[in-house]
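Residue numbers (mature numbering (1 follows the signal peptide of the UniProt record, and there is no 0)): -23 to -1, 1 to 49. Using N, Cα and C, we set each Cβ at its ideal position, and we do this for glycine too.
Here is the structure:
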């Protein structure tokens, strides 16, 4: 009896009838860009050998992954 009840509850939740399915709502975040914030393209970084300075504006229009690694 208990396994039949568990199966019925699982099917109801899976079908979107249960309280879990009704409570799930997409999260909406309003992004406000501060006008005084610096753009990423205004920054520069050193290459691996630390010889050349490379401006991030070189990558404008491209998809880039920036990994910021900091040490103390």
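| Asked | Found |
| --- | --- |
| Thinking C-beta only, is residue 33 closer than 8 Å to residue 20? | yes |
| Return the residue from the list 7, 35 and 10 that minimises the CA-CA distance to residue 18. | 35 |
| Does the distance from the C-beta atom of residue 23 to that of residue 30 stay below 8 Å? | yes |
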